[in-house]
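Asks: Pasting a structure here, questions to come.
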Amino acid sequence: MTASLIATTAATARVNLLGMTQQQLEQFFLDLGEKKFRAQQVMKWMHHGGVTDIGAMSNLGKALREKLLQIAEVRPPEIVSQHDSTDGTRKWAVRVEGGGLVEAVLIPDGGRATLCVSSQVGCSLDCSFCSTGKQGFQRDLTAAEIIGQVWLAIKSYDAFQSGKGRVVTNVVMMGMGEPLLNFDNVVAAMDLMLSDLGYGISKRRVTLSTSGVVPALDRLRELSEVSLAISLHAPNDALRSQLVPINRRYPIAELLRSARQYIDAQADSKRVVTVEYTLLAGVNDQPDQARELAVLLKDFPCKINLIPFNSFPGSEYRRPSGNAVSRFWQVLVDAGYIVTVRTTRGDDIDAACGQLVGQVVDRTRRSERYRAAGQAPEVETG
Ligand code: SAH
Ligand code: SF4
Numbered sequence: 018m019t020a021s022l023i024a025t026t027a028a029t030a031r032v033n034l035l036g037m038t039q040q041q042l043e044q045f046f047l048d049l050g051e052k053k054f055r056a057q058q059v060m061k062w063m064h065h066g067g068v069t070d071i072g073a074m075s076n077l078g079k080a081l082r083e084k085l086l087q088i089a090e091v092r093p094p095e096i097v098s099q100h101d102s103t104d105g106t107r108k109w110a111v112r113v114e115g116g117g118l119v120e121a122v123l124i125p126d127g128g129r130a131t132l133c134v135s136s137q138v139g140c141s142l143d144c145s146f147c148s149t150g151k152q153g154f155q156r157d158l159t160a161a162e163i164i165g166q167v168w169l170a171i172k173s174y175d176a177f178q179s180g181k182g183r184v185v186t187n188v189v190m191m192g193m194g195e196p197l198l199n200f201d202n203v204v205a206a207m208d209l210m211l212s213d214l215g216y217g218i219s220k221r222r223v224t225l226s227t228s229g230v231v232p233a234l235d236r237l238r239e240l241s242e243v244s245l246a247i248s249l250h251a252p253n254d255a256l257r258s259q260l261v262p263i264n265r266r267y268p269i270a271e272l273l274r275s276a277r278q279y280i281d282a283q284a285d286s287k288r289v290v291t292v293e294y295t296l297l298a299g300v301n302d303q304p305d306q307a308r309e310l311a312v313l314l315k316d317f318p319c320k321i322n323l324i325p326f327n328s329f330p331g332s333e334y335r336r337p338s339g340n341a342v343s344r345f346w347q348v349l350v351d352a353g354y355i356v357t358v359r360t361t362r363g364d365d366i367d368a369a370c371g372q373l374v375g376q377v378v379d380r381t382r383r384s385e386r387y388r389a390a391g392q393a394p395e396v397e398t399g
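The number in the numbering used here is simply the position in the sequence shown, starting from 1, with 17 added.
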């Protein structure tokens, strides 16, 4: 009786090595009385080789493998479904422990492929236009579940052996959840994205998006060098507090101060913050509001990414017309900003990642629209 209880406990409490940073894994092996270079060997198997079977990690030695099999495992999250769009976008629904579902989307675009990764099941911040927020918060993803989304994207293309997973060139933390509210796990997973023993992605090509958890952003600048996107969505506090409730605690001036300090802390002085601005018809998409935004962001080192609202059932908002988008865009361009308009891909498979990606804007219609505006905007996918 007692023996079987212990066995059960051991089986369910196995530590998942997939989400451990190099430092954590080295400590794990030291605690086992092993040499710390074992961490590097295991990381290469998992992240470069895509191997989950500890028994197959042949350079570990039989005794160590047997010991590890008792206490550890390499467990990526489980794919529930995978859909391919005709434009090459691939979307996964991923089941995490305890039964929750999150989404990851890979969006190829020329030479690059951007993976949109979730950080939480649901979200507690309840932005008024976000369907993840409407679900409420269920739980944080573990570091293994976050990095596991990168792992399974590469695995699904059978691309582990063919060059360090170049299937994923960019990662955006813009799926479900607020990454800064799952701080330690997100920082660990981003460490693995950047690490040479992980996925070797350049720090400029990993982007964390936050709605403005200022104290956590202040902490992040001590620990991380990834690119930063802030979800602004309004040119003043009165409107932003309605759309993004956390603004009532950390208003725009504090968010901009923290974001500026974040990029000022980076060694590379050319970096800028991406300002995300979801356009909601009749709410925040008026030319006056674009002018107010241009004044607000004066001298703030940024580029602006306009995201036409992606509607979902039960939502009170509407997506602005193409003309409204281009008018808003034009005001900002005339004020000297670099402005991209995010389009969605994978429309035929409903590849909205969380809710960030809107519907595919038909290319013909879009080019006509921007010709009407006299200039073509840069278009950013992801
Ligand atoms: N929680 C983080 C990251 C996930 S959301 C954040 O809020 O930044 C990623 C981006 O998609 C954010 O800018 C978010 O405001 C935006 N977004 C959420 N719902 C949207 C919708 N229905 N249409 C368009 N953009 C949306
Ligand atoms: Fe959460 Fe971001 Fe959605 Fe706001 S927009 S509810 S912070 S996921």
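For each residue, glycine too, the CB sits at the ideal point set by N, CA and C.
(1) Once the 5 residues before and after Gly36 are set aside, which same chain residues still bring their CB inside 8 angstroms of it?
(2) Are the CB atoms of Leu142 and Gly153 within a distance shorter than 8 angstroms?
(3) Spatial neighbours of Arg308 within its chain, please: CB distance less than 8 angstroms, with the 5 preceding and 5 following residues excluded, ordered by chain position.
(4) Output needed for Val97: all residues of its chain with C-beta closer than 7 angstroms, excluding positions within five of it in sequence on either side, in chain order.
(5) Over the uninterrupted alpha helix (DSSP H) stretch that includes Gln259, give me the two end residues.
(6) Is Ala121 helix, strand or coil by DSSP?
(7) Is it the case that the CB of Thr360 approaches a heavy atom of ligand 1 more closely than 7 angstroms?
(8) How do the stretch 169-176 and the stretch 303-321 stand: do at least 3 beta-carbon pairs fall below 8 angstroms, yes or no?
(9) State yes or no: is the C-beta of Cys140 nearer than 7 angstroms to some heavy atom of ligand 2?
(10) In whole angstroms, what separates the C-alpha of Leu310 from that of Arg31?
(11) Could you give the first and the last residue of the continuous alpha helix (DSSP H) run that contains Thr149?
(12) Less than 8 angstroms between the C-beta atoms of Arg92 and Thr69, yes or no?
(13) Which residue marks the beginning of the alpha helix (DSSP H) containing Trp62, and which one marks its end?
(14) Pick helix, strand or coil for Gln178, following the three-state DSSP scheme.
(15) Got a sec? Which residues, its chain only, sit under 8 angstroms from Gln57 by beta carbon, not counting five neighbours each side?
(16) Across the stretch 229-249 and the stretch 275-288, are there enough close Cβ pairs to call them in contact, namely three or more that are closer than 8 angstroms?
(17) If you compare alpha carbons, which of Asp101, Pro196, Asp235 is closest to Val223?
(18) Quick one: grab the DSSP three-state call for Gly50.
(19) With respect to the beta strand (DSSP E) encompassing Arg156, which residues constitute its N-terminal and C-terminal limits?
(20) Thinking C-beta only, is Gly67 closer than 8 angstroms to Cys140?
(21) Measuring straight from C-alpha to C-alpha, what distance separates His65 and Ala255?
Replies: In terms of the structure at hand:
(1) Closer than 8 angstroms at the Cβ level, and outside the excluded window around Gly36, lie Thr159, Ala160, Ala161, Glu162, Ile163, Ile164, Gly165, Asn202, Ala205, Ala206, Leu209.
(2) No, Cβ-Cβ distance for Gly153 and Leu142 is not below 8 angstroms.
(3) Only Val348, Ala352 meet the Cβ criterion.
(4) Excluding sequence neighbours, Val97 sits near Ala110, Val111, Arg112, Leu118.
(5) It spans 254-260 - the alpha helix (DSSP H) in which Gln259 sits, taken as one unbroken run.
(6) Correct three-state label for Ala121: strand.
(7) Using a cutoff of 7 angstroms, the CB of Thr360 does not count as near ligand 1, since none of the ligand's heavy atoms is closer than that.
(8) With a cut-off of 8 angstroms, the stretch 303-321 and the stretch 169-176 do not count as touching, because too few Cβ pairs lie within range.
(9) Short note on Cys140: C-beta closer than 7 angstroms to some heavy atom of ligand 2.
(10) For the pair Leu310 and Arg31, the Cα-to-Cα distance works out to about 51 angstroms.
(11) Here the alpha helix (DSSP H) through Thr149 covers 148-151.
(12) Pairing Arg92 with Thr69 gives a Cβ-Cβ distance under 8 angstroms.
(13) Segment: none, Trp62 is in no alpha helix (DSSP H) and carries neither H nor E.
(14) If DSSP states are grouped into helix, strand and coil, Gln178 belongs with coil.
(15) Only Gln39, Leu214 meet the Cβ criterion.
(16) They touch, by the three-pair rule.
(17) Checking every option, the nearest Cα to that of Val223 belongs to Pro196.
(18) Coil at Gly50, not helix or strand.
(19) Element bounds for Arg156: 154-157.
(20) The answer is no: Cβ separation not under 8 angstroms.
(21) The alpha-carbon atoms of His65 and Ala255 are separated by roughly 48 angstroms.
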